[in-house]
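Taking full-length UniProt numbering as reference, the numbering of the sequence shown is continuous, increasing by one, and the terminal residue is 259.
Here's the structure we're looking at; comments come further down.
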Amino acid sequence: MKTIDIRTVNVVQYLQPLREGGSLPAIVKADDDFLYVLKFRGAGQGKKALISEFIGGELARAIGLNVPELVFMNLDDSFSKTEPDEEIQDLLKFSVGLNLGLHFLSSAITYDPLVSVADEFTASKVVILDSLISNIDRTAKNTNLLNWNNELWIIDNGASFYFHHNWETWENHLTRTFPLIKDHVLLPKANRLQEASKEIQQLINNDVIAEIIANIPEDWLINEGETLTTDEMRTAYKQFLCAKLTMIDKLVKEAEDAR
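Spelled out as structure tokens, the structure:
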């Protein structure tokens, strides 16, 4: 089994906000001299969006999809003090600490269902992945996909695992399918779902899931007023994904019917 090794880097320069994202991610430079798209813990959905982004991204990588390298990014309090824009200033202030970065793919273009490249097998894998993680945000309006070097790249899984916004009822989601797959931007191209499902089942199992969950920073799981401990949350994420894996045939059938 591949071991997950997530690097931690420090932000050294805030370059520009990406205003097309509702959570105002930004292009930043780190102390390894690379550029990253920084997802902020102080943004709308907070640290939970970072957790979704992290789990979804590492699962996508585990099943052989293209994902920009994910890194943990330390942000100190010096950036908010020199930022003139009040909205960004607040975001930086509330995001001091550990955030999540995606390696910036220079000259990548946003996936457009009418003109962009996506082969049928890759499309099928993305559709199944998004059913497994209950990603409600990979639609024609907001594809959260890039084309880079003539290949499809997965970005932005932050709207997944929506059960974690209410821990009281998370167990109700264990047996649910994902009807919203009908709106998935890649569904029309996903005509190799059975084949993709077999490959996914060979590549991810309970151990792979457990290792990804173990790498979530402890700090991201701590929120005021939560009813579960951080260990209970890790167990919940694992149980949820393992449950979805056992019902993958049902999820595939749901996607096939939606096509």
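Beta carbons: idealized from backbone N, C-alpha and C, even for Gly.
Query	Result
Starting from G46, trace the alpha helix (DSSP H) both ways and give me its first and last residue.	G46 to A62
Quick check on N10: does DSSP put it in helix, strand or coil?	strand
Drop a sphere of 10 angstroms on the beta-carbon of H165, count the other beta-carbons inside from all chains shown, and report buried for 16 or more, exposed for fewer.	exposed
Of all the options G64, K48 and D119, which has the alpha carbon lying nearest to the alpha carbon of T230?	K48
Between the beta-carbon of residue 263 and the beta-carbon of P113, is there less than 7 Å?	Only positions 1 to 259 of the chain appear in the structure, and residue 263 is not among them; the question remains open.
Determine the direct distance from the alpha carbon of A60 to that of R192, and round the result to whole angstroms.	17 Å
Give me whichever residues DSSP pairs with H103 in a beta bridge.	Y36
Is the CB-CB distance between R138 and V71 below 7 Å?	no
Among I216, K250 and T246, which residue has its Cα nearest to the Cα of S52?	I216
I need the DSSP call for V208, collapsed to helix, strand or coil.	helix
Which residue wins for smallest C-alpha separation from I88, given the options V37, L38, G97 and P17?	P17
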